[in-house]
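>
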Amino acid sequence: MTTTTPAQDSQEPAGVLGRPLDSREDPGLLRGEATYVADIDLPGTVHMAILGSPVAHARILSIDTKAAEQLPGVLKAATAADFPDVMPLPCIWIPGGVESHFPPHPYGLPGARPVLTGDTVRHVGDPIAVVVAETPRQAAAALAAISVEYEPLPVVTRADHALADGAPQLHEAVPGNLNAYWTCGDKDRTDAAVAAAEVTVELDLVNQRTINSPIEPRGAVGVYDPATGEYTLHASTQGPHNHRFLLSALVLGIPFNKLRVIAPTVGGSFGTKGYLYPDMALVLLLSKALGGRPVKWVDTRTGLMNSTVQGRDHRQHVTLAGTRDGRITAVRCTSYANLGAYPSTIGPGVATALMGRSISGMYDIPAAFCEVYAAFTNTVPLGAQRGSGRAEAAFLMERLVDRYAAEIGMDPAEVRRRNLVPKEKFPYDNGLGWTYDSGDYRLNLDRALELSGYAGMPARKAAARARGKRLGVGIATYVAVCGVGPSTRMSKEGMLGGTWESANIRVHPTGEVTVTVGSASTGQSHGTVFAQVAADELGIDPGQVQVHEGDTLKAPYGQGTYGSRSYSMAAPAIALTARKIKAKLVRAGAVFLGVPEDRVVYADGGVHEVGNPDNAKTFAELAMAMWYGWGLPPEIEPALDETTHFDPPDFNYPFGTHIAVVEVDELTGETEVVDYTAVDDAGNIGNPKVVAGQIEGSIVHGLGQALMEAAEYDENGVLVSSDLESYALPRAADAPFFTLGRTVTPSPHNPLGAKGAGEIATVPPAAAVVNAVVDALSDLGVRHIDMPLTPEKVWRRLRGEAP
Amino acid sequence: MDLTRIELTLHVNGRPEEFAAPPNELLVERLRDGLGLTGTKVGCDTGQCGTCVVRLDGRSVKSCLILTASAAGSEVTTIEGVTTPGGELTGLQEALRQEHGTQCGFCTPGMVMALGELVETARAEGAAGGPPPTEPEIREWLTGNLCRCTGYHSVVRGVQRACAPAEPEGR
Chain A
1 MTTTTPAQDS
11 QEPAGVLGRP
21 LDSREDPGLL
31 RGEATYVADI
41 DLPGTVHMAI
51 LGSPVAHARI
61 LSIDTKAAEQ
71 LPGVLKAATA
81 ADFPDVMPLP
91 CIWIPGGVES
101 HFPPHPYGLP
111 GARPVLTGDT
121 VRHVGDPIAV
131 VVAETPRQAA
141 AALAAISVEY
151 EPLPVVTRAD
161 HALADGAPQL
171 HEAVPGNLNA
181 YWTCGDKDRT
191 DAAVAAAEVT
201 VELDLVNQRT
211 INSPIEPRGA
221 VGVYDPATGE
231 YTLHASTQGP
241 HNHRFLLSAL
251 VLGIPFNKLR
261 VIAPTVGGSF
271 GTKGYLYPDM
281 ALVLLLSKAL
291 GGRPVKWVDT
301 RTGLMNSTVQ
311 GRDHRQHVTL
321 AGTRDGRITA
331 VRCTSYANLG
341 AYPSTIGPGV
351 ATALMGRSIS
361 GMYDIPAAFC
371 EVYAAFTNTV
381 PLGAQRGSGR
391 AEAAFLMERL
401 VDRYAAEIGM
411 DPAEVRRRNL
421 VPKEKFPYDN
431 GLGWTYDSGD
441 YRLNLDRALE
451 LSGYAGMPAR
461 KAAARARGKR
471 LGVGIATYVA
481 VCGVGPSTRM
491 SKEGMLGGTW
501 ESANIRVHPT
511 GEVTVTVGSA
521 STGQSHGTVF
531 AQVAADELGI
541 DPGQVQVHEG
551 DTLKAPYGQG
561 TYGSRSYSMA
571 APAIALTARK
581 IKAKLVRAGA
591 VFLGVPEDRV
601 VYADGGVHEV
611 GNPDNAKTFA
621 ELAMAMWYGW
631 GLPPEIEPAL
641 DETTHFDPPD
651 FNYPFGTHIA
661 VVEVDELTGE
671 TEVVDYTAVD
681 DAGNIGNPKV
691 VAGQIEGSIV
701 HGLGQALMEA
711 AEYDENGVLV
721 SSDLESYALP
731 RAADAPFFTL
741 GRTVTPSPHN
751 PLGAKGAGEI
761 ATVPPAAAVV
771 NAVVDALSDL
781 GVRHIDMPLT
791 PEKVWRRLRG
801 EAP
Chain R
1001 MDLTRIELTL
1011 HVNGRPEEFA
1021 APPNELLVER
1031 LRDGLGLTGT
1041 KVGCDTGQCG
1051 TCVVRLDGRS
1061 VKSCLILTAS
1071 AAGSEVTTIE
1081 GVTTPGGELT
1091 GLQEALRQEH
1101 GTQCGFCTPG
1111 MVMALGELVE
1121 TARAEGAAGG
1131 PPPTEPEIRE
1141 WLTGNLCRCT
1151 GYHSVVRGVQ
1161 RACAPAEPEG
1171 R
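Chains A and R are the protein sequences, given in the same order. Under this note's numbering, the first residue of the first sequence is numbered 1, with each subsequent residue one higher. Under this note's numbering, the first residue of the second sequence is numbered 1001, with each subsequent residue one higher.
Below you can see the structure in the form of structure tokens.
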């Protein structure tokens, strides 16, 4: 086992940005003082429970809630019939662009999920009815008294099966269950390159469905104020502004300015808490129906697994073409994506563009093409999951590269080196829709090979065999599109809505600073890192800066935290706002210092006259003077309160190389990850300690998919892995310490040179580990094993059984 | 005689609490809903995640797997009993802070409660000349607590720091 080395910065940062400051959020979390949704206890709170369908597909013949309403403590039971004016939950990412498939307004999208299902249930857990009672136990008990009569319908749980002739049909408005057929790249050129190739390799891959599993299940508290007609939603959300927009404007039809959404401390998300769910609308509707009593709902673990969006789930046929001497000439992918029963908020886009446009990874490939069939099935709706889309793309490409290397008998590291996009080709158009901003891929690969001790692997393999272990080495590289986004660009991807981010900085008369942002942390230490950004720009102590987010009443508009965007979207907005503050202080400083503006310098938090440092005002003096506003000319407004909406010119593209070393036990089939090296490039980073934590967690998440995690549905559409006894999450003993390295290529697309960081290290581990295990078993003729690589599966392959 | 409520006393964070509990009430429900001690969390309902770990007569236990009634008369320590609000961190908490052993923090109180027993034992043994727990031992001890954010590494480093023989300042 190795020890984790700290990420290596090429140079010491000049200011507080880039330093590994301790997280200011940690002490409160360590004392258990943070308030999560389940901890909110408003006076008069009543409790909601949701009746989810026990069957995967059925027509509802009748629902009777009378008996439930007679039970002790029960205040109300409701079904779809109680909310006739409520619109379905919108899907706001339509693959292929808005015009090509659907009307530009999301109302009534084919297959859109109703808040409560009235006619047909389409997955186990599909919400049918709700009960509100004085206690959570009373509410839960009352669900059993609701009688529902079902007429069972046939079930389909696989995307490819759902598209077959005669498959069960989920939505009348979506014949054939096809939500979208989406393509990118050049089909003709790719087909021609494959046909003409010296070497082609093909794989059939299952990127299995996995469950994100934040440790905090979702929850919501809805409060209606009859005096003002205003609604407040407290919810475990990654995007309070986004949820406000979707709920008020598109679902409930209540005025935008009468809905406030508050994200308290959120216990992890990894993508899943950015989605709109029925419960968020229901707690608000029921609070109004009950005269304003706060209505609280907290999910169970099994409830979460049957309702919160799930991830991955592609079945793919992939092809790589190349020359005998190791030059890749084409890559092609046909993917069947399982969207589940309804289009989730952005699930269809995740399954298509986020995956398809990324398939060529770090390689300079002349021809590439991807097509995705996105289909409805009787499973929980699909959505984002840490690394989503990018992880599926990296998996297929990196598996293909290893197959190709084996086919032509070349070292997999050498094949990669020969095909990396060269440094001088940036900005690089990958032919699939992305234009990579910057990178030095060869440096990154070489750093990873060196840190992992790649050259010494043959000796280690031999030594392991002597111990009854098969040692395997797997490399995986990746490029992850981050920094969503350029709003116009996203509209071309079919995103219904802006994807910019915003920040406000208010300098108080006493010189303290409040930063508010539209994002919302789900554990990323935003309070620490965003304070660093503002303090660095303003030249003040980070301790003077307080950060607020997560409350739509207090924060400027913003889209939230997803896709590793906060540091490359919200942080630049903060930096640009701080620059506005500084510019204003230079103009005002001319008045205060009694010199022309071009004689004023902003430095170390204050202003002084050029060449005369004694003629100066400190930050605190300036803050107070701006608060008084005395003597300011009309063109300078008093006070210091600025806002910026940042919409970048393009995405940013972090990348990296991960190398897994595994030992497979010949007797048990057990795979142990013994070494893991990750060299990621996220451009300039704000806080190395925070980022290292996210990278370590991301890698373990990826190892989970490779080795143990799988959402298993039976033939009736029942999720059999519906609790943490039947769904395996990695535990502390499942990974060694990692060796982390870093390269730094700043992005030109934001003023901090930042690239996404939070989830990027989830992208390559599954490919690295499967490559390593296949390497360990290659002499047995094993060319591929589907994830998860459970001991039994590997044990059978060790004994020569066919997959 | 009311069979739907059981009169009992728990000593919670050093204070006696007398109440009548339903026989099927879980200890975690009493702590969170009955006593307002929300530092103890519920993450999985099946005893897998460890967010509900408290100390029961000194031993770390999962409070979602224990009936309140079965804990009658016991000393219960929750995360609220470990520090004062806004107060100084214990040596373990300080070590976890220095290693950033937390991200979203939802699993953190349960981890602090579970690891407290390990660290106390290790320190007692260390004082008697014993070696600090090894990395595999720490990871083994942590298997009852799930964390999806950190991948556990910073937590393991925090425990190593907390158990290190030459503890700086002894905080």
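Heads up, the beta-carbon is just placed ideally off N, CA and C, and yes, glycines get one too. Given the structure is predicted, the values throughout are model-derived calculations rather than measurements.
Below 8 Å, how does it come out for the segment 383-390 of chain A and the segment 347-358 of chain A: are there three or more Cβ pairs, yes or no?
As far as the Cβ criterion goes, the segment 383-390 of chain A touches the segment 347-358 of chain A, which means the pair count is three or higher.
> Can you pull the chain R residues whose beta carbon is under 7 Å from the beta carbon of residue 30 of chain A, in chain order?
As a first step, residue 30 of chain A must be located in the first sequence, where it is residue number 30. Within 7 Å Cβ-Cβ: 1089, 1093, 1096, 1097, 1102, 1108 and 1112.
> Check whether the Cβ atoms of residue 235 of chain A and residue 261 of chain A sit closer than 8 Å, and answer yes or no.
The residue you call residue 235 of chain A lines up with position 235 of the first sequence. The residue you call residue 261 of chain A lines up with position 261 of the first sequence. For residue 235 of chain A and residue 261 of chain A, yes; Cβs fall inside 8 Å.
> For the segment 456-467 of chain A, list every residue whose C-beta sits within 9 Å of some C-beta in chain R, in sequence order.
The segment 456-467 of chain A vs chain R, Cβ under 9 Å: nothing.
> Pairing CB atoms from the segment 709-722 of chain A with CB atoms from the segment 677-695 of chain A, are three or more of them under 8 Å?
No: fewer than three Cβ pairs fall under 8 Å.
> What are the residues of the segment 1028-1049 of chain R that lie near chain A, defined by any Cβ-Cβ distance shorter than 9 Å?
Listed by position, the residues of the segment 1028-1049 of chain R near chain A (Cβ gap below 9 Å) are 1029, 1032, 1033, 1036, 1037, 1038, 1039, 1040, 1041, 1042, 1043, 1044, 1045, 1046, 1047, 1048 and 1049.
> Once the 5 residues before and after residue 775 of chain A are set aside, which same chain residues still bring their CB inside 7 Å of it?
Position 775 of the first sequence, counted from the first residue, corresponds to residue 775 of chain A. Same-chain partners within the cutoff: 472, 473 and 474.
> Between residue 102 of chain A and residue 94 of chain A, what straight-line distance do the alpha-carbon atoms span, to the nearest angstrom?
Counted from its first residue, the first sequence places residue 102 of chain A at position 102. Counted from its first residue, the first sequence places residue 94 of chain A at position 94. Because residue 102 of chain A carries a pLDDT of 44, less than 50, the predicted location of this residue cannot be relied on, and the following value inherits that uncertainty. Those two C-alpha atoms are separated by around 8 Å.
> Which residue spans inside the segment 279-319 of chain A form an unbroken alpha helix (DSSP H) run of at least 4?
Segments of the alpha helix (DSSP H) lying fully in the segment 279-319 of chain A: 301-305.
> How long is the line joining the alpha carbons of residue 35 of chain A and residue 173 of chain A, rounded to whole angstroms?
Locating residue 35 of chain A in the first sequence gives position 35, where the first residue counts as 1. Locating residue 173 of chain A in the first sequence gives position 173, where the first residue counts as 1. Computed Cα separation, rounded: 43 Å.
> Strictly under 8 Å for the Cβ-Cβ distance: is residue 1079 of chain R near chain A by that measure?
Counting from one through the second sequence, the residue named residue 1079 of chain R turns up at place 79. By this cut-off, residue 1079 of chain R is an interface position.
> Of all the alpha helix (DSSP H) runs that stay within the bounds of the segment 769-795 of chain A, which reach a length of 4 or more residues?
Complete alpha helix (DSSP H) runs here, min 4: none at all.
> Thinking C-alpha only, which one of A:335, A:482, A:347 and A:217 is nearest residue 299 of chain A?
On the first sequence, residue 299 of chain A is found 299 positions in, with the first residue counted as 1. If we check each option's Cα against that of residue 299 of chain A, A:217 comes out closest.
> Please report the distance separating the alpha-carbon of residue 719 of chain A from that of residue 739 of chain A.
Counting from 1 along the first sequence, the entry for residue 719 of chain A is found at position 719. Counting from 1 along the first sequence, the entry for residue 739 of chain A is found at position 739. C-alpha separation (whole angstroms): 37 Å.
> For the segment 314-325 of chain A, which residues have a CB atom closer than 8 Å to at least one CB atom of chain R, in sequence order?
Answer in chain order: no residues at all.
> Comparing the C-beta of residue 1012 of chain R with each C-beta of chain A, is any distance below 8 Å?
On the second sequence, residue 1012 of chain R is found 12 positions in, with the first residue counted as 1. Chain A contact via Cβ: absent.
> How many angstroms separate the CA atom of residue 1103 of chain R from the CA atom of residue 423 of chain A?
For this step, residue 1103 of chain R is matched to residue 103 along the second sequence. For this step, residue 423 of chain A is matched to residue 423 along the first sequence. Each residue's Cα considered, the two are about 35 Å apart.
> Check whether the Cβ of residue 1151 of chain R lies closer than 8 Å to any Cβ atom in chain A.
What you label residue 1151 of chain R is simply residue 151 of the second sequence in a count that begins at 1. By this cut-off, residue 1151 of chain R is an interface position.
> Cβ of residue 476 of chain A within 8 Å of Cβ of residue 654 of chain A?
Your numbering for residue 476 of chain A matches position 476 in the first sequence. Your numbering for residue 654 of chain A matches position 654 in the first sequence. For residue 476 of chain A and residue 654 of chain A, no; Cβs fall outside 8 Å.
> Please give me, in chain order, every unbroken run of the alpha helix (DSSP H) with length at least 4 that falls completely inside the segment 389-415 of chain A.
DSSP runs (the alpha helix (DSSP H)) wholly in the segment 389-415 of chain A: 390-408.
> Could you run through the segment 1131-1165 of chain R and flag, in chain order, every residue whose CB is less than 9 Å away from some CB of chain A?
The residues in question are 1135, 1136, 1138, 1139, 1140, 1141, 1142, 1143, 1144, 1145, 1146, 1147, 1148, 1149, 1150, 1151, 1152, 1153, 1154, 1155, 1156 and 1157.
> Starting from residue 147 of chain A, follow its DSSP beta bridges and name the residues at the other end.
Walking along the first sequence from the start, residue 147 of chain A turns up at place 147. DSSP lists A:64 as partners of residue 147 of chain A.
> Are the beta-carbon atoms belonging to residue 1047 of chain R and residue 1065 of chain R less than 8 Å from one another?
For the purposes of this step, residue 1047 of chain R is taken as residue 47 along the second sequence, with counting starting at 1. For the purposes of this step, residue 1065 of chain R is taken as residue 65 along the second sequence, with counting starting at 1. Yes, the Cβ-Cβ distance between residue 1047 of chain R and residue 1065 of chain R is below 8 Å.
> To which residues does DSSP link residue 486 of chain A through a beta bridge?
Along the first sequence, read from residue 1 onward, the residue named residue 486 of chain A stands at position 486. None, per the DSSP bridge assignment.
> What residues are listed by DSSP as bridge partners for residue 335 of chain A?
Locating residue 335 of chain A in the first sequence gives position 335, counting from the first residue. According to DSSP, which records beta bridges pairwise, residue 335 of chain A is partnered with A:316 and A:372.
> With a 10 Å radius around its C-beta and 16 neighbouring C-beta atoms as the bar for buried, classify residue 582 of chain A as buried or exposed.
Along the first sequence, read from residue 1 onward, the residue named residue 582 of chain A stands at position 582. Buried.
> Taking Cβ-Cβ distances shorter than 9 Å, what residues in chain A pair up with residue 1085 of chain R?
Counted from its first residue, the second sequence places residue 1085 of chain R at position 85. Simply 31 and 33.
> Does the beta carbon of residue 1004 of chain R sit closer than 8 Å to a beta carbon anywhere in chain A?
Taking the first residue of the second sequence as 1, we reach residue 1004 of chain R at position 4. By this cut-off, residue 1004 of chain R is not an interface position.
> For residue 275 of chain A, which residues in the same chain have their Cβ closer than 6 Å to its Cβ, ignoring the five residues on either side in sequence?
The residue labelled residue 275 of chain A in the question sits at position 275 within the first sequence. These residues qualify, in order along the chain: 309, 344, 345 and 383.
> What is the rounded straight-line gap between the Cα of residue 800 of chain A and the Cα of residue 777 of chain A?
The residue given as residue 800 of chain A occupies position 800 in the first sequence. The residue given as residue 777 of chain A occupies position 777 in the first sequence. If you take the alpha carbons of residue 800 of chain A and residue 777 of chain A, they lie about 10 Å apart.
> What does the Cβ neighbour count give for residue 668 of chain A, buried or exposed, with the cut at 16 atoms within 10 Å?
Position 668 of the first sequence holds residue 668 of chain A. So residue 668 of chain A ends up on the exposed side.
> Any C-beta of chain R within less than 9 Å: which residues of the segment 515-539 of chain A qualify?
Answer set for the segment 515-539 of chain A: 521, 522, 523, 524 and 525.
> So with Cβ pairs under 8 Å, would you call residue 1105 of chain R a contact of chain A?
What you label residue 1105 of chain R is simply residue 105 of the second sequence in a count that begins at 1. Chain A, which has a Cβ nearer than 8 Å to the Cβ of residue 1105 of chain R, makes this yes.
> In terms of residue numbering, what span does the alpha helix (DSSP H) encompassing residue 1060 of chain R cover?
By one-based count along the second sequence, residue 1060 of chain R stands at place 60. Counting along the chain, residue 1060 of chain R falls outside any alpha helix (DSSP H), though it belongs to the beta strand (DSSP E) covering 1059-1062.
> What separation, rounded to the nearest whole angstrom, lies between the Cα atoms of residue 1122 of chain R and residue 651 of chain A?
In the second sequence, residue 1122 of chain R corresponds to position 122, counting from 1. In the first sequence, residue 651 of chain A corresponds to position 651, counting from 1. Approximately 49 Å between the Cα atoms of the pair.
> CA-CA distance, residue 67 of chain A and residue 284 of chain A?
On the first sequence, position 67 is the one that residue 67 of chain A refers to. On the first sequence, position 284 is the one that residue 284 of chain A refers to. Looking at the two C-alpha atoms, the distance is approximately 24 Å.
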